[in-house]
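Using the working numbering, the first residue of the sequence shown is number 16, and each one after it goes up by one.
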Amino acid sequence: MNILAPVITVDGPSGVGKGTLCRWLANRLGFHWLDSGALYRLTALAALRRNLALENEAGVTAVAAGLAAEFVTETGGAARILLDGAEVGPELRTETCGAAASRVAALPMVRAALLQRQRDFWRLPGLVADGRDMGTVVFPDAGLKLFLTASAEERARRRHKQLSEQGVNASLKDLADEIAERDARDRQRAAAPLRPAVGAEVLDTTHWSIVEVCERALALAIARLGLPGNC
């Protein structure tokens, strides 16, 4: 770890805008970006491809420990996620993969296997870390901890809109039920349950635009980390 590199953690459930905020902050500040959720989705996808039962903790942990994953940033800021050398970004964003990732993330041995891999992203000039336990477990000494939240109904509406724009038909009620089920599982798991870190700023994005969320987060980063006001 590099104690000279500032860290901003952004935790919260799915559908609250964490990814958009983290990519925007990292680009604005020139920081590195960690999408910890992608590591769990990659682990789940790799386990499914090996026909492993997601409850097989030892088997899934072995997959996590040997995960051949790579994050590639293209010119202009576009990002690609590779598994075993092949791009899997679209597959990672499916509801099936998201639900599987939530299940494997509840396994303590899997979380332990991925912990150091996440911490390896911490380097100069700084890091923006996106996840569910970034401020509570992975980077507990982060200079700025954010916790984003929004109502399940609003998050389902956002996801429904996103899927519709991709030409995917989905039931708004089913999406809301899946989100509520995933939230309950994430909050109740024994390993790193979903909750705001001590000292975290809780931002409810239900009625905020992404521009408003980004501006608020940037103001907090400038104030807490002592960054130049013209960032």
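Beta carbons: idealized from backbone N, C-alpha and C, even for Gly.
None of the values given here were measured: they were computed from a predicted structure.
In this structure, A232 is the residue among A232, G241 and R239 with its C-alpha nearest to the C-alpha of W39. The DSSP assignment places 142 to 146 as complete runs of the beta strand (DSSP E) inside the region 102 to 149, in order along the chain (cut-off: 3 residues).
In this structure P155 is not in contact with A20, their Cβ atoms being roughly 15 angstroms apart against a cut-off of 8 angstroms. For L163, the three-state secondary structure derived from DSSP is strand. Taking A120 as the centre and dropping the five residues before and after it, the same chain places the C-beta of Y55 closer than 6 angstroms to its C-beta, in chain order.
Assignment of R174 by DSSP, reduced to helix, strand and coil, places it in the helix class.
Q133 is classed as buried because its beta carbon has at least 16 other beta carbons within 10 Å across all chains shown. A residue is called buried when at least 16 other Cβ atoms come within 10 angstroms of its Cβ; E193 meets this threshold and is buried. Listed in chain order, the non-local C-beta contacts of L218 below 8 angstroms within the same chain comprise L161, F162, L163, T164, V228, R231 and A232, local neighbours out to five positions each way being set aside. DSSP places T24 within a strand segment (E or B) once states are collapsed to three.
It is roughly 17 angstroms from the alpha-carbon of A238 to the alpha-carbon of F46.
G214 sits away from D26, with the two beta carbons spaced by 8 angstroms or more. A residue is called buried when at least 16 other Cβ atoms come within 10 angstroms of its Cβ; D145 meets this threshold and is buried. In the DSSP assignment, R95 falls within the unbroken beta strand (DSSP E) covering A94 to L98. Here the alpha carbons of H222 and A234 stand approximately 19 angstroms from one another.
Taken through DSSP and simplified to helix, strand or coil, E169 comes out as helix. Within the DSSP bridge table, the entry for E227 names no partner.
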